[in-house]
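Per this note's numbering, the very first residue in the sequence shown carries number 139; after that it's consecutive. Backbone N, C-alpha and C define an ideal beta-carbon position, used for all residues, glycine too. Since we're looking at a predicted model, the values are computed, not measured. What follows is a short report on a single structure.
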Amino acid sequence: MTGRTAAAAARATVYGYPRQGQNRELKKAIEGYWKGRVTADALRTTAADLRRANWRELAEAGIHEVPTGDFSYYDHVLDTSVMVGVVPDRHRVAVASDALDGYFAMARGTQDVAPLEMTKWFDTNYHYLVPELGPETMFAADSRKQVAEFREALALGLTPRPVLVGPVTYLLLAKPAPGVGGDFDPLTLLDRLLPVYAEVLADLRAAGAEWVQLDEPALVQDRTPAELNAAARAYRGLGALTDRPKLLVATYFDRLGEALPVLAKAPVDGIALDFTEAAAANLDALAAVGGLPGKRLVAGLVNGRNIWANDLEKSLSILGILLGLADRVDVAASCSLLHVPLTVTAERDLDPQITRWLAFARQKTAEIAALARAITRGTDTIAAELAANRAALSSRAGSSLTRDPAVRARAAAVTEAETRRSQPYAERAAAQRAHLRLPLLPTTTIGSFPQTTEVRTARADLRAGRIDEAGYEERIRNEIREVISFQEKTGLDVLVHGEPERNDMVQYFAERLTGYLATQHGWVQSYGTRYVRPPILAGDISRPEPLTVRWTSYAQSLSDRPVKGMLTGPVTMLAWSFVRDDQPLGETARQVALALRDEVVELEANGTSVIQVDEPALRETLPLRAADRPGYLAWATEAFRLSTSGVRPDTQIHTHMCYAEFGDIVQAIDDLDADVISLEAARSHMQVARELAAHGYPREAGPGVYDIHSPRVPSTEEAAELLRAGLGAIPPERLWVNPDCGLKTRGWPETKASLENLVAAARTVREELTTTGSGS
Ligand code: GLN
Ligand code: ZN
139 MTGRTAAAAA
149 RATVYGYPRQ
159 GQNRELKKAI
169 EGYWKGRVTA
179 DALRTTAADL
189 RRANWRELAE
199 AGIHEVPTGD
209 FSYYDHVLDT
219 SVMVGVVPDR
229 HRVAVASDAL
239 DGYFAMARGT
249 QDVAPLEMTK
259 WFDTNYHYLV
269 PELGPETMFA
279 ADSRKQVAEF
289 REALALGLTP
299 RPVLVGPVTY
309 LLLAKPAPGV
319 GGDFDPLTLL
329 DRLLPVYAEV
339 LADLRAAGAE
349 WVQLDEPALV
359 QDRTPAELNA
369 AARAYRGLGA
379 LTDRPKLLVA
389 TYFDRLGEAL
399 PVLAKAPVDG
409 IALDFTEAAA
419 ANLDALAAVG
429 GLPGKRLVAG
439 LVNGRNIWAN
449 DLEKSLSILG
459 ILLGLADRVD
469 VAASCSLLHV
479 PLTVTAERDL
489 DPQITRWLAF
499 ARQKTAEIAA
509 LARAITRGTD
519 TIAAELAANR
529 AALSSRAGSS
539 LTRDPAVRAR
549 AAAVTEAETR
559 RSQPYAERAA
569 AQRAHLRLPL
579 LPTTTIGSFP
589 QTTEVRTARA
599 DLRAGRIDEA
609 GYEERIRNEI
619 REVISFQEKT
629 GLDVLVHGEP
639 ERNDMVQYFA
649 ERLTGYLATQ
659 HGWVQSYGTR
669 YVRPPILAGD
679 ISRPEPLTVR
689 WTSYAQSLSD
699 RPVKGMLTGP
709 VTMLAWSFVR
719 DDQPLGETAR
729 QVALALRDEV
739 VELEANGTSV
749 IQVDEPALRE
759 TLPLRAADRP
769 GYLAWATEAF
779 RLSTSGVRPD
789 TQIHTHMCYA
799 EFGDIVQAID
809 DLDADVISLE
819 AARSHMQVAR
829 ELAAHGYPRE
839 AGPGVYDIHS
849 PRVPSTEEAA
859 ELLRAGLGAI
869 PPERLWVNPD
879 CGLKTRGWPE
889 TKASLENLVA
899 AARTVREELT
909 TTGSGS
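Spelled out as structure tokens, the structure:
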């Protein structure tokens, strides 16, 4: 056992820290710069001040190696593109004339030039900018940002460890550049990319870096033998460099699996593994390779993406096992703390009892430092922390918030029958046709209408006490009246109330369900300068009173046409929240589903015949590893069905998802058993309609004919053309006409014009159908 003595000096570290500052100073400075109100120098100064404050804070909290290079003006994957010289041709001029403006042009686009595509960073809610590569891509090292930030931290007398996105993950996250064939595999560029990484590593070494961290989260996903080979080649190559810093390859978000032996064999100096949810699998895999003799193991014990206090005793026991498995064991968060808010102490409105259960970035840092101290100086040196931690955990476990016997009893008693509609689709469809009497190709929208300044002002006025509840209700009703009258005038068939009362499709429901907590300052970066404040799903979920019935019924009272009720589905309610970690996700989803089920039934009882339950997050929550997907999809689809199956056969259930690539979940979409699904399709020219048809999807669908992501107004002919394309795949009795997604980010003028054209297109194509129908 070489480990024990050497490892008895565990050190604390993190891979990244929230970038925005206590009061979102970075967001303000960047947005100010975009508006011309903040100079580039002032922006750089703000950024440098924030970095310095973070490093000092980390060092004072007992973090031994502070991360550098994790800071970003927009996104760390875009920073990596800059570091390796990957600038799309269309942005070259902008980047050459001003590096900072060119950087923001790549991130956000300009009037004439499209930005890089943005997509989710693994299964988090952080979005990165997708590198565009092709066979012609030439890399060139630009280590300036990395070296400069390293030096800044060094100048503070700290031990900085630069953090880079690793070369394999970088290539695996890339996509073929526009104009390059879709079958181009960016990984073929590895041999061209490695010398550039070698150069950056040499520059960091020259600047004085002892260790450099290369993040390879892509290795926790299922990888082909070719991809594993690429990883082996990459780290054999980088490891063989002579004058280089020590290399720490970091993995997180899941178990490393078959990539663990690859990295264990590679000539790298350290490996970081996730010991939160993946603890058992990673422990087994470590034991199977005989540990990491001669290497440093960084143990991600503190969950970097949830907000719960760590179970320190459990972490210590895992550490106890790890000490014998490597030369040196250090303690870290499982991933960058970028994914959690800064500090719990800012939350003055939370019950102090509950605050103790929580740990944001600052509290997680303290946990990491305490764990490292326990190893180095003995458990008794953290006796006070352990006692407080034990008390917090038991307060959480025994709280009436986390254990509501009525909710638990009901969830435990759910029967299979409750998760199925009472009649098969064909019978329901007939009943719905008779009940709703809709024309062929019925027109509808996805739910929200433009969120006007009046609506936002009303909400702000209510919060500030400038108007009372009654005054607020009156303003919302006015808005609903306008939306309903517009839809009637325009000739839409299934109306919506427009969702003016909702700040956000998850937050609105979270605020009304018992078991959810809201934060005041719990901001986390979603992308660029966009920060979100996810609610905390902390306890057992119940619905103290109706959530939406008042608004939907009011809207219905204004029209003879059906008004569609609008709810956010159970999977999305979990996906866009911080979820509890003390029970399986499926159990939490079932509780949310039961609360929604009551709402659905109550909507129906109040005269609502069409109810839409949105699940835009169904696909993004898909586990990273294929082996975990069937289990996820089983509880996810069951939760959806549980929330929607309490209604009569003649009540029509809709669902909505806003993406076009759903090939890997088309069976799950079918398993939702919704009567109607609306999807994004305008940009891909109805590709989803063909995919649904190929799958044999048996129910009704509304592939979007209006791309709501831009203010552009589609012409009637354009929408009609898309409809005709849709009819090539879906028969007229099952095809709906709708936009791609909700309209809340659009302005009224383009919304009006677009929906008028959409209705005109439906009429045109209906007529074509009758003419050809009678002619044949
Ligand atoms: N009903 C929601 C809306 O229209 C759906 C939003 C979404 O799919 N993200 O805004
Ligand atoms: Zn959508």
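Sort Asp321, Val215, Leu385 and Met711 by Cα distance to Tyr266 and report the nearest one. What you label residue 266 is simply residue 128 of the sequence shown in a count that begins at 1. Comparing C-alpha distances from Tyr266 to each of Asp321, Val215, Leu385 and Met711 shows the shortest one belongs to Val215.
Taking only three categories from DSSP, how would you classify Tyr654? Position 516 of the sequence shown, counting from 1, holds the residue named residue 654. Tyr654 falls in the strand class under three-state DSSP.
Between the alpha carbons of Ala356 and Thr262, how many angstroms are there, rounded? If you number the sequence shown from 1, residue 356 lands on position 218. If you number the sequence shown from 1, residue 262 lands on position 124. Put simply, the backbone Cα of Ala356 is about 13 Å away from that of Thr262.
Check whether the segment 653 to 667 and the segment 585 to 603 are in contact - that is, three or more C-beta pairs closer than 8 Å. With the cut-off at 8 Å, the segment 653 to 667 and the segment 585 to 603 do not touch.
If you run the structure through DSSP and keep just helix, strand and coil, what is Ile618? In the sequence shown, counting from the first residue as 1, residue 618 sits at position 480. Reduced to three states, the DSSP call for Ile618 is helix.
When DSSP labels each residue in this structure, what does Met711 get in the three-state scheme? Sequence index remark: in the sequence shown, residue 711 carries index 573 (1-based). Reduced to three states, the DSSP call for Met711 is helix.
Out of Pro682, Asn448, Ala484 and Leu630, state which residue places its alpha-carbon closest to the alpha-carbon of Val469. In the sequence shown, the residue the question calls residue 469 occupies position 331. Per the C-alpha coordinates, the member of Pro682, Asn448, Ala484 and Leu630 positioned closest to Val469 is Asn448.
What residue from Asp236, Glu639, Glu451 and Val632 has the CA that sits closest to Arg615's CA? Locating residue 615 in the sequence shown gives position 477, where the first residue counts as 1. Measuring from the Cα of Arg615, the nearest candidate turns out to be Glu639.
Within 10 angstroms of the Cβ of Tyr155, are there 16 or more other Cβ atoms? Answer buried if so, exposed if not. Taking the first residue of the sequence shown as position 1, residue 155 is located at position 17. Counting C-beta atoms within 10 angstroms of its own C-beta, Tyr155 has 16 or more neighbours from the protein chains shown and is therefore classed as buried.
Could you tell me the boundaries of the beta strand (DSSP E) in which Trp349 lies? Stepping through the sequence shown from its first residue, residue 349 is reached at position 211. From DSSP, the beta strand (DSSP E) with Trp349 extends over Trp349 to Asp353.
Can the beta-carbon of Val222 be found less than 8 Å from the beta-carbon of Leu331? As a working mapping, residue 222 is identified with position 84 in the sequence shown. As a working mapping, residue 331 is identified with position 193 in the sequence shown. Their beta carbons are under 8 Å apart, which means Val222 touches Leu331 by this criterion.
Going by DSSP, what residue range makes up the alpha helix (DSSP H) through Asp813? Residue 813 sits at position 675 when you count from the first residue of the sequence shown. Going by DSSP, Asp813 is part of no alpha helix (DSSP H) at all; its letter is neither H nor E.
Taking the alpha-carbon of Glu505 as reference, which of Val440, Ser532, Val785 and Gln658 has the nearest alpha-carbon? Sequence index remark: in the sequence shown, residue 505 carries index 367 (1-based). Comparing Cα positions, the closest option is Val440.
Note down the Cα distance separating Pro849 from Arg884, rounded to an integer number of angstroms. Residue mapping note: residue 849 aligns to position 711 of the sequence shown, counting from 1. Residue mapping note: residue 884 aligns to position 746 of the sequence shown, counting from 1. Computed Cα separation, rounded: 7 Å.
Per DSSP, Val851 forms a beta bridge with which residues? Walking along the sequence shown from the start, residue 851 turns up at place 713. According to DSSP, which records beta bridges pairwise, Val851 is partnered with nothing at all.
Cβ of Ile584 versus every heavy atom of ligand 2: is any distance shorter than 7 Å? Locating residue 584 in the sequence shown gives position 446, where the first residue counts as 1. Ile584 has its Cβ nearer than 7 Å to a heavy atom of ligand 2.
What's the call for Ala145, buried or exposed, on a 16-neighbour Cβ count within 10 Å? Residue 145 sits at position 7 when you count from the first residue of the sequence shown. Its pLDDT being 43, under 50, Ala145 is placed unreliably by the model, and nothing is read from it.
Closest by C-alpha distance to Ala286, when choosing among Ser210, Leu424, Val621 and Leu385: Within the sequence shown, the letter at position 148 stands for residue 286. It is Ser210 whose Cα lies nearest to the Cα of Ala286.
Paired residues, beta bridge with Arg790 - DSSP: Position 652 of the sequence shown, counting from 1, holds the residue named residue 790. Reading off the sequence shown, one finds Gln at residue 790, where the question assumed Arg. When DSSP reads this structure, Gln790 sits in a beta bridge with Val748.
Closer than 8 Å by C-beta to Ser715: which residues in its own chain qualify, once you throw out the five before and the five after it? Chain order, please. As a working note, residue 715 is residue 577 in the sequence shown. Scanning its chain for C-beta atoms nearer than 8 Å, with the 5 sequence neighbours on each side dropped, one finds around Ser715 the residues Val644, Ala648, Tyr654, Pro672, Pro673, Ile674 and Leu675, in chain order.
Taking the alpha-carbon of Ala820 as reference, which of Gly636, Leu342, Ala858 and Arg374 has the nearest alpha-carbon? Indexing the sequence shown from 1 puts residue 820 at position 682. Distance from the Cα of Ala820 is smallest, within the candidate group Gly636, Leu342, Ala858 and Arg374, for Ala858.
Count Cβ pairs between the segment 528 to 544 and the segment 860 to 878 that sit closer than 8 Å; are there 3 or more? When Cβ pairs closer than 8 Å are counted between the two stretches, the segment 528 to 544 is seen not to touch the segment 860 to 878, the count staying below three.
What residue does the alpha helix (DSSP H) around Lys403 start on, and which one ends it? The sequence position of residue 403 within the sequence shown is 265, counting from 1. Note, Lys403: alpha helix (DSSP H), Ala397 to Lys403.
Excluding the five sequence neighbours on either side, which residues of its own chain have a C-beta within less than 6 Å of the C-beta of Arg230, listed in chain order? Residue mapping note: residue 230 aligns to position 92 of the sequence shown, counting from 1. Taken in chain order, the list of residues that qualify is empty.
Candidates Thr782, Gly609 and Arg282: closest to Asp811 by CA position: In the sequence shown, counting from the first residue as 1, residue 811 sits at position 673. It is Thr782 whose Cα lies nearest to the Cα of Asp811.
Which residue comes first and which comes last in the beta strand (DSSP E) that contains His265? Here residue 265 corresponds to residue number 127 of the sequence shown, with the count starting at 1. Residues His265 to Leu267.
Would a check of beta-carbon distances place Leu651 closer than 8 Å to chain B? No chain B is present in this structure, which holds just one protein chain.
Simplified DSSP assignment, three categories, for Arg904: Working through the sequence shown from its first residue, we reach residue 904 at position 766. Here Arg904 sits in helix by DSSP.
If you count every other CB in all the chains shown that lies within 10 Å of the CB of Asn444, and 16 or more means buried, which is it? Position 306 of the sequence shown holds residue 444. Buried is the call here.
Gly834: buried (16+ other C-beta within 10 angstroms of its C-beta) or exposed? Taking the sequence shown and counting its residues from 1, one reaches residue 834 at position 696. Gly834 should be labelled exposed.
Would the C-beta of Pro754 count as close to ligand 2, meaning under 7 Å from any of its heavy atoms? One-based indexing of the sequence shown puts residue 754 at position 616. Within the cutoff, so yes.
Given this structure, state the Cα-to-Cα distance separating Arg901 from Gln790, to the nearest angstrom. For the purposes of this step, residue 901 is taken as the residue at position 763 of the sequence shown. For the purposes of this step, residue 790 is taken as the residue at position 652 of the sequence shown. Answer to the nearest angstrom: the Cα atoms are 23 Å apart.
Taking its Cβ as the centre, do 16 or more other Cβ atoms sit within 10 Å of Trp886, making it buried, or is it exposed? Locating residue 886 in the sequence shown gives position 748, counting from the first residue. So Trp886 counts as exposed.
In whole angstroms, what is the alpha-carbon distance linking Ser914 and Ala572? Locating residue 914 in the sequence shown gives position 776, counting from the first residue. Locating residue 572 in the sequence shown gives position 434, counting from the first residue. For Ser914, the predicted structure reports a pLDDT of 39, less than 50, and the residue's modelled location is therefore unreliable. The matter cannot be settled from this model.
Under a Cβ-count criterion, where at least 16 other Cβ atoms within 10 Å of its own Cβ denotes burial, should Thr362 be classed as buried or exposed? Taking the sequence shown and counting its residues from 1, the one referred to as residue 362 is at position 224. By the neighbour-count rule (16 or more Cβ atoms within 10 Å), Thr362 is not buried but exposed.
Can you tell me whether Asp381 is buried or exposed? The criterion is at least 16 other CB atoms within 10 Å of its CB, across all chains shown. The residue labelled residue 381 in the question sits at position 243 within the sequence shown. With fewer than 16 other beta carbons inside 10 angstroms of its own, Asp381 counts as exposed.
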